[in-house]
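So the structure is just underneath, and the comments pick up after that.
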Amino acid sequence: MSTTHDALHPRPTQVVREEALLFEFSAPGKAGYQLSPLDVPPADPLPKGCERDDIADFPELSEIEIIRHYTRLSTWNYAVDLGLYPLGSCTMKYNARVNEAVARLEGLAALHPLAPGSLSQGALRIMKVLADYLVEITGMDGITLQPAAGAQGELTGILLVRAFLESQGNARQKVLIPDSAHGTNPATAVIAGYKVENLKSNARGTVDLSALERQLDDNVAALMLTNPNTLGVFEEDIHKIADIVHAKGAQLYMDGANMNALVGWSRPGDFGVDVMHLNLHKTFSTPHGGGGPGSGPVAVKQHLLPFLPTPVVVATANGFALDCDRPQSIGRVKAFAGNFGMHVRALAYILANGWDGLRATTADAVLNANYIRKKLEGAYDLPYATPSMHECVFSDARQVKQGIHTGDLAKRLIDYGFHPYTVSFPLIVHGALMIEPTESESREELDAFVAAMLAIAQEAETQPEIIKSAPHSTRISRLDETSAARRPVLRWTRKG
Amino acid sequence: MRYLPKSDAIRGQMLEEIGAASIEELFSHIPEYCRLNRPLNIPSGQSEAQIVDFFKAAAAENAPGYQSFLGAGAYHHYRPVVIDSLVSRGEWFTAYTPYQPEISQGTLQSIFEFQTMICQLTGMEVANASMYDGSTSVPEAVMMAVRVTGRDQAVVMRSLHPQYREVLATYTSRQNIPVTEVAYTPQGTLDQAALAAAVTDQTAAVVVQSPNFFGNIEDWEAAAALAHAKGALLIAVITDPVSLGLLAPPAAADIVAMELQGFGIPVGFGGPYAGVIAAKERFVRSLPGRLVGEARDAHGRRGFVLTLATREQHIRREKATSNICTNQALCALMASIYMTVYGRRGLRELAEQNRAKAVFATTRFAQAGLEVLFPGPRFHEFVVRGADLVRVQKDLADQRIIGGLPLRGYFPELGEAALVCVTETAERAVIEKLVATHAAHAVGRGLREPAVAH
Chain A
1 MSTTHDALHP
11 RPTQVVREEA
21 LLFEFSAPGK
31 AGYQLSPLDV
41 PPADPLPKGC
51 ERDDIADFPE
61 LSEIEIIRHY
71 TRLSTWNYAV
81 DLGLYPLGSC
91 TMKYNARVNE
101 AVARLEGLAA
111 LHPLAPGSLS
121 QGALRIMKVL
131 ADYLVEITGM
141 DGITLQPAAG
151 AQGELTGILL
161 VRAFLESQGN
171 ARQKVLIPDS
181 AHGTNPATAV
191 IAGYKVENLK
201 SNARGTVDLS
211 ALERQLDDNV
221 AALMLTNPNT
231 LGVFEEDIHK
241 IADIVHAKGA
251 QLYMDGANMN
261 ALVGWSRPGD
271 FGVDVMHLNL
281 HKTFSTPHGG
291 GGPGSGPVAV
301 KQHLLPFLPT
311 PVVVATANGF
321 ALDCDRPQSI
331 GRVKAFAGNF
341 GMHVRALAYI
351 LANGWDGLRA
361 TTADAVLNAN
371 YIRKKLEGAY
381 DLPYATPSMH
391 ECVFSDARQV
401 KQGIHTGDLA
411 KRLIDYGFHP
421 YTVSFPLIVH
431 GALMIEPTES
441 ESREELDAFV
451 AAMLAIAQEA
461 ETQPEIIKSA
471 PHSTRISRLD
481 ETSAARRPVL
491 RWTRKG
Chain Y
1 MRYLPKSDAI
11 RGQMLEEIGA
21 ASIEELFSHI
31 PEYCRLNRPL
41 NIPSGQSEAQ
51 IVDFFKAAAA
61 ENAPGYQSFL
71 GAGAYHHYRP
81 VVIDSLVSRG
91 EWFTAYTPYQ
101 PEISQGTLQS
111 IFEFQTMICQ
121 LTGMEVANAS
131 MYDGSTSVPE
141 AVMMAVRVTG
151 RDQAVVMRSL
161 HPQYREVLAT
171 YTSRQNIPVT
181 EVAYTPQGTL
191 DQAALAAAVT
201 DQTAAVVVQS
211 PNFFGNIEDW
221 EAAAALAHAK
231 GALLIAVITD
241 PVSLGLLAPP
251 AAADIVAMEL
261 QGFGIPVGFG
271 GPYAGVIAAK
281 ERFVRSLPGR
291 LVGEARDAHG
301 RRGFVLTLAT
311 REQHIRREKA
321 TSNICTNQAL
331 CALMASIYMT
341 VYGRRGLREL
351 AEQNRAKAVF
361 ATTRFAQAGL
371 EVLFPGPRFH
381 EFVVRGADLV
391 RVQKDLADQR
401 IIGGLPLRGY
411 FPELGEAALV
421 CVTETAERAV
431 IEKLVATHAA
441 HAVGRGLREP
451 AVAH
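In order, the protein sequences belong to chains A and Y. Positions 1 to 496 (our numbering) are the ones given, in order, by the first sequence. Positions 1 to 454 (our numbering) are the ones given, in order, by the second sequence.
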């Protein structure tokens with residue numbers, strides 16, 4: 001392991017000691033549970049064949065071992081709580097603790113989803129208030145909170161488009177997707193039963209209007225657009241785009257992944273969007289949880305309201321209710337009413353911010369991205385000079401000359417104590433470094449990140465090997481992912 | 001705003017360094033007609049105390065402290081304290097998908113252990129890193145079976161959770177996957193003759209839930225034999241994983257689509273939960289969702305990575321096995337901790353307690369003159385009939401009890417029946433109250449014999 005680090009002197013921060021797999025320190029007879037005594041007679045045994053044999057090798061551990069195991073493992077993770085987490089398009093912002101506290105109130109956390117309406121008015125109130133606020137924030141006319149995540153929101157949105165067009169007599173066959181889009185967009189369109197057609201970006205990284213006009217024929221159901229797009233650039237011709245789409249009878253879908261650039265400043269409903277999803281785990285601060293849960297509400301204009309999935313939360317003369325009587329609905333996309341625990345957290349975030357805090361939040365997110373862009377543009381190639389909003393995208397064009405790629409720079413950033421940016425995305429930038437700081441970073445944290453990035457750019461010139469072999473400060477170094485995929489070992493099994 | 005770590009003076013200095021005169025200037029490239037020129041119609045920011053008060057008031061409007069006998073895909077099991085204690089660590093809940101394995105080994109190792117435990121429980125050979133929930137795992141499993149078999153039809157039991165059937169229809173109807181529904185027998189279990197008749201050489205998958213929606217245990221071996229006889233795959237659906245502590249695992253199935261909420265995830269008005277898809281090893285490259293595998297670093301040390309990503313949307317785009325991106329890592333972690341706490345013996349003891357309580361309740365209901373439908377081996381749910389459910393519900397609410405789920409909207413053929421779930425959280429005295437309240441509102445024995453659905 002190299003120790004020739006520069007003045008910033010990266011230091012290992014992880015608990016270095018090995019932690020075995022659960023199964024490797026389990027032993028028959030240990031236990032971490034004790035049930036209350038059974039207060040009814042034991043049941044007669046089940047008929048032969050209904051009962052299982054022993055669960056071979058299933059863990060047996062005491063409580064202290066369980067606490068230590070998961071605590072030690074946790075120390076091997078990077079997290080927003082530890083520092084800047086600039087994954088572009090992921091909006092890794094602060095997760096307020098009050099959100100967690102209120103989501104765990106017994107009256108919310110222990111409420112059964114099929115409880116009678118009279119005993120779930122508080123939960124329905126929370127959903128209705130959140131729905132109303134999200135409609136106001138997006139400038140749309142209605143919303144469903146049911147989708148479980150952004151990708152399921154996309155699917156719901158495209159199914160809404162499909163149902164609407166079917167009601168007009170023709171569901172059409174294609175969805176247009178810009179080459180800068182998230183991978184979920186094309187995958188979603190296919191699951192909704194559409195063919196995908198790629199739309200090339202122009203030299204500014206935005207939608208090429210003439211290409212759009214050329215490709216938009218009567219067979220196109222929708223254009224799926226991310227705005228600001230994955231370069232962090234606002235589509236300045238958005239109204240012309242919407243007009244072109246609508247003139248051909250197609251629908252404008254907006255991927256709301258980058259809504260953190262717009263809240264309080266600009267509303268998709270005001271610039272021609274018909275349907276969009278939000279990611280509560282991005283824009284509205286519900287925690288990312290190591291990869292989920294998310295929540296992906298879908299907001300729509302008036303003409304799509306009849307098709308929203310069941311159920312929809314409504315206010316009636318007798319209180320709040322879940323409306324399932326929607327004959328034109330696309331149907332359920334998920335059991336029950338959605339990821340309610342995420343609704344609670346998102347509403348707590350909106351209440352804490354208010355209109356004023358939401359607007360200030362967006363301002364700081366954009367300020368932070370522009371600050372990083374300004375500080376790094378001398379050291380890294382900026383492929384598009386178009387103004388940035390909440391994220392900025394560089395390329396590794398200068399460092400590639402030393403044989404260093406974006407993925408290498410990312411690994412070296414780990415040594416400086418930061419989570420890397422999004423690597424090699426969007427696809428329209430070769431060797432992309434996609435940086436989204438969010439509003440949650442102080443100038444001190446940004447300056448530390450900038451200093452690290454500048455130091456790495458320097459190292460690329462002077463000692464490229466240290467970058468190519470990074471990280472040097474972690475428990476394990478780069479893993480051999482190719483061998484792992486060739487002979488996948490996806491579970492532990494007892495040896496011998 | 002207390003979440004924003006800057007003073008106005010610092011903002012001013014940063015703007016100066018950027019070369020912008022004001023914050024507004026950073027938004028000036030947004031066309032005028034796209035800008036919102038008024039405050040959002042949302043109250044201004046509130047204090048933490050105000051927020052807590054708002055949610056406490058909302059929580060009090062629900063049913064705090066009630067004993068609930070609802071199940072039907074969401075189960076009230078006791079949640080050991082260590083779960084929230086551990087998942088409240090910021091290193092778990094404020095991390096994201098482990099794209100950078102060197103600083104995500106905690107999440108990756110925990111998922112590897114999760115995949116292992118799911119395989120041990122289900123008798124499958126591979127399990128993914130989790131899905132949104134049980135209901136969405138079913139269409140994902142059906143689409144997987146369509147890919148694997150090259151066939152394009154599915155057969156589902158009417159005794160599959162009705163909301164799961166609705167979700168499946170939302171997905172399959174847009175993909176031209178015809179779904180045939182097979183009735184249940186008068187015993188409430190799958191009708192083997194009807195199933196045999198429904199499966200054809202175009203059937204990709206047969207979808208069977210056990211315990212089924214009525215709580216009855218199905219015969220996995222028989223279902224698998226009927227599916228396999230025509231070259232179709234068997235998808236086993238499990239809505240409460242606690243049942244696997246006691247019941248025979250669906251080892252004969254090809255794919256398992258399971259809900260994990262029962263493993264220590266709050267019922268929380270419907271989510272977030274976690275689902276999982278497990279399968280036989282030969283189907284691994286058709287699995288949707290994230291997978292974690294073992295790997296070695298340059299020094300030969302063991303570590304874990306996301307693997308076989310060429311199945312996924314961020315690599316394959318429109319050719320991906322699914323559009324799923326996130327999994328439910330934090331909920332899957334809750335399930336892992338729960339499995340670890342109960343462990344090999346505890347899970348069995350827990351499952352036995354659930355079944356004992358439910359069997360006790362059915363005996364009491366029968367003694368009180370009410371009709372318990374579908375006698376036969378069951379786990380912790382059953383259907384009871386013969387009381388005026390509106391009155392029962394009102395009377396129970398006065399005793400701070402929520403009774404079973406009225407089934408008229410889902411299974412009109414069963415009349416005024418309710419699906420009751422009894423878990424280890426129900427004390428004997430409360431079960432007695434539930435029975436007594438039904439008996440007090442009995443409307444005579446049954447409305448008619450249980451009809452068999454079309």
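Every residue gets a Cβ at the ideal spot worked out from N, C-alpha and C, and that includes glycine.
A/A27 counts as exposed, since fewer than 16 other beta carbons sit within 10 angstroms of its beta carbon. Within the model, the alpha-carbon separation for Y/A278 versus A/L454 is close to 46 Å.
The way I'd put it, the segment 466-486 of chain A doesn't touch the segment 426-441 of chain A; fewer than three beta-carbon pairs between them come closer than 8 Å.
Under the three-state reduction of DSSP, A/D81 is assigned to helix. Within the DSSP secondary-structure output, A/S388 pairs in no beta bridge. Under the rule that a run must span 4 or more residues, the alpha helix (DSSP H) segments found entirely inside the segment 106-153 of chain A read 106-109 and 121-138. With a cutoff of 8 Å on beta-carbon distance, A/L427 and Y/Y96 are scored as not near each other.
Within the DSSP bridge table, the entry for Y/M131 names Y/G275 as partners. In the three-state reduction of the DSSP assignment, A/S266 falls in the strand class. Between the segment 184-193 of chain Y and the segment 332-348 of chain A, the count of Cβ pairs shorter than 8 Å is below three; the stretches do not touch. For the segment 294-320 of chain A, the set of residues with a beta-carbon nearer than 7 Å to any beta-carbon of chain Y comprises G294, in chain order. The C-beta of A/F58 comes closer than 8 Å to at least one C-beta of chain Y. For Y/N216, no Cβ of chain A is located within less than 8 Å of the residue's own Cβ.
Excluding its 5 nearest sequence neighbours in each direction, A/N198 has C-beta neighbours in its own chain below 7 Å: I177 and D179, listed in chain order.
Ranked by Cα distance from A/S285, the first of Y/P39, Y/L26, Y/P80 and Y/F93 is Y/F93. Out of A/I244, A/G331, A/D323 and A/T361, the CA that lies nearest to the CA of A/T283 is found in A/T361.
For A/Q152 and A/T184, the gap between their C-alpha atoms comes out near 9 Å.
Counting C-beta atoms within 10 angstroms of its own C-beta, A/R97 has fewer than 16 neighbours from the protein chains shown and is therefore classed as exposed. Segment contact: the segment 90-110 of chain A against the segment 436-448 of chain A, three or more CB-CB distances shorter than 8 Å; contact assigned.
Between Y/A129 and A/A484, the gap from beta carbon to beta carbon reaches 8 Å or more.
Judged by their CB atoms, A/N227 and A/M254 are nearer to each other than the 8 Å cut-off. By the CB criterion at 8 Å, Y/G231 and Y/D201 fall inside the cutoff. Sequence-distant partners of A/F271 (beyond 5 residues in either direction) whose C-beta falls short of 7 Å from its own C-beta, in its chain, are I238, H239 and A242. With a cut-off of 8 Å on Cβ pairs, the segment 205-215 of chain Y is not in contact with the segment 82-91 of chain Y, counting fewer than three such pairs. Residues of chain Y with a Cβ closer than 9 Å to the Cβ of A/A27 do not exist, since the nearest Cβ in that chain sits about 11 Å away.
Taking a Cβ-Cβ cut-off of 7 Å, the neighbours of A/N339 in chain Y comprise G271 and P272, given in sequence order. When C-alpha distances from Y/L333 are compared across Y/L121, Y/V420 and Y/F263, the shortest belongs to Y/F263.
In this structure, Y/Q120 and A/I55 form a Cβ contact; the two beta carbons are roughly 6 Å apart against a cut-off of 8 Å. One finds nothing in chain A with a Cβ atom closer than 9 Å to the Cβ of Y/N212; even the nearest lies about 13 Å away. Interface annotation, A/G292: in contact with chain Y, CB-CB separation under 8 Å. As for any beta strand (DSSP E) of minimum length 3 sitting wholly inside the segment 354-414 of chain A, the runs are 392-395, ordered along the chain. The Cβ atoms of A/F320 and A/V312 do not sit closer than 8 Å to each other. The criterion of a C-beta distance shorter than 8 Å is satisfied by Y/T423 and Y/Y75. Taking C-alpha positions only, Y/F54 is separated from A/A352 by approximately 11 Å. Straight-line spacing of the CA atoms in A/G264 and Y/R38 works out to 9 Å.
Relative to A/T188, the option among Y/P266, Y/Q105 and Y/E312 whose CA is nearest is Y/E312.
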